[in-house]
Amino acid sequence: LSETSDFEPLVADSAANPSLREAKPQRFLMCRPGNFEVYYSINRWMDVTVQVDAALAMAQWENLRKTYLRLGHSVEVMDDVPGLPDMVFTANAGIIKGGKALVSKFRSEYRQPEEEYFAQWFQAQGFDVVRPELVNEGEGDFLWTGSVMLGGSGFRSELGAGPEVTELLGLPTETLELVDSRWYHIDTALAILDERTIAFVPEAFSPRSLEILAGLGLDQIRVCVEDAEWFALNAVSDGKNVVVAEQAVNFQAQLAEHGFTPVPVDVSEFLKSGGGAKCCTLILDR
Ligand code: ARG
5 LSETSDFEPL VADSAANPSL REAKPQRFLM CRPGNFEVYY SINRWMDVTV
55 QVDAALAMAQ WENLRKTYLR LGHSVEVMDD VPGLPDMVFT ANAGIIKGGK
105 ALVSKFRSEY RQPEEEYFAQ WFQAQGFDVV RPELVNEGEG DFLWTGSVML
155 GGSGFRSELG AGPEVTELLG LPTETLELVD SRWYHIDTAL AILDERTIAF
205 VPEAFSPRSL EILAGLGLDQ IRVCVEDAEW FALNAVSDGK NVVVAEQAVN
255 FQAQLAEHGF TPVPVDVSEF LKSGGGAKCC TLILDR
């Protein structure tokens, strides 16, 4: 099923029947934003003159954590480090596959010191830590469909990062080209909803990458630019419930039409840093 118009009739199979969708409990890593702020700018959403409300950020983060717990997921929490405000975005910590943790290699020198803290955490949890040679911003740029890792390149992770993920973790990868700086990590442009459904904002991808996406044979939900600017695609799905930016109302309606249950959260303070719900969340049990 690919969504081509607003007036597409509701499909009559299980995809549209919420009762047939099954939520898979997951284990996540989050990092408490004790030092969250925007004092440097490494993406076009970050404006150092805009004030971040630290108390509100903490409350929104707590609400996100509790939302996961309420949905039956488990959440590991680590603490951030003074001077490293972007540690809250644990999707960028690395990529987990079984007992292995591929730790990220950040493009920006502001974020490179995070690598050691994430590596230490993975090690302390018993993961076998592996390191890439090329810039690789972890799950921010690598999303697992269930059969292939969709990688994003163009702004952060290097073109060769995908083949390196294949080499180090043994996962097949397909690298997509991001062409619009509003959606600079693939997790801001595309969301995996279940093993046969993806959502994305077409404007974020090159024509060739859109062809590759079409060739995957998955159901596609095309998300409008307005919602995508609210980081609609920076969503976390368990196969049934989709934790999503509350402002992305059109996308929530699309999710409901496709039989998913939207679970809106407000992450407004993190948007000031170019991050949303998924950015604050790393999947630990792949
Ligand atoms: N300020 C952070 C950066 O620019 C935001 C990271 C968002 N993370 C993500 N997975 N998209 O690196």
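Numbering (the UniProt record's numbering), first residue to last: 5 to 290. Ideal placement from N, C-alpha and C gives every residue a C-beta, glycine not left out. Owing to the predicted nature of the structure, the values given are computational and were not obtained by experimental measurement.
The three-state secondary structure of V205, taken from DSSP, is coil. In summary, N140 is buried, with 16 or more beta-carbon neighbours lying within 10 Å of its beta-carbon over all protein chains present. By the 16-neighbour rule on beta-carbons within 10 angstroms, R212 is exposed. By the Cβ rule, the stretch 137 to 156 counts as touching the stretch 197 to 204, because three or more pairs are nearer than 8 Å.
About 6 Å separates the Cβ atoms of A239 and K282, confirming a contact at the 8 Å cut-off.
Excluding its 5 nearest sequence neighbours in each direction, V229 has C-beta neighbours in its own chain below 8 Å: V205, E207, listed in chain order. Only residues of its own chain outside the window of five on either side were considered, and among them D51, V52 have a CB closer than 7 Å to the CB of S45, listed in chain order. By the Cβ neighbour-count rule, S277 is buried, with 16 or more other Cβ atoms within 10 Å of its own. Its chain contains T149, R200, T201, I202 as the residues whose beta carbon lies nearer than 8 Å to that of L222, once the 5 sequence neighbours on both sides are disregarded; these appear in chain order. With a threshold of 7 Å, the Cβ atom of S213 does not count as near the ligand ARG, since no heavy atom of the ligand is closer than that.
With fewer than 16 neighbouring CB atoms inside 10 Å of its own CB, G103 falls in the exposed class. Look at M153: its beta carbon is at least 7 Å from all of the heavy atoms in the ligand ARG. Taken from the Cβ of S241, every heavy atom of the ligand ARG lies 7 Å or farther away.
Proximity of the beta carbon of I196 to the ligand ARG is not indicated: no heavy atom of the ligand is located closer than 7 Å. Beyond the five residues adjoining it in sequence on each side, G76 comes within less than 6 Å, by CB distance, of P29 in the same chain, given in chain order.
Within 10 angstroms of the beta-carbon of R74 lie fewer than 16 other beta-carbons, which makes it exposed. Annotated three-state conformation of C35 is strand, per DSSP. Burial of P266 is indicated by the presence of at least 16 other C-beta atoms within 10 angstroms of its C-beta. For R48, the Cβ stays outside the 7 Å cut-off from all heavy atoms of the ligand ARG. Proximity to A252 across P268, A260, A95 peaks at P268, based on C-alpha coordinates. The beta carbons of G158 and E178 sit no closer together than 8 Å. With fewer than 16 other beta carbons inside 10 angstroms of its own, V81 counts as exposed. DSSP places E181 inside the beta strand (DSSP E), whose first and last residues are 177 to 181. Exclusion of the five residues before and after D132 leaves G103, K104 as the residues of its chain whose Cβ lies within less than 6 Å of its Cβ. Around the beta carbon of G130, fewer than 16 other beta carbons sit within 10 angstroms, so the residue counts as exposed. Scanning its chain for C-beta atoms nearer than 7 Å, with the 5 sequence neighbours on each side dropped, one finds around T94 the residues L33, M34, C35, C284, T285, L286, in chain order.
About 14 Å separates the CB atoms of L147 and I225; that is not less than 8 Å, and the two are not in contact. The nearest non-hydrogen atom of the ligand ARG is less than 7 Å from the C-beta of F93.
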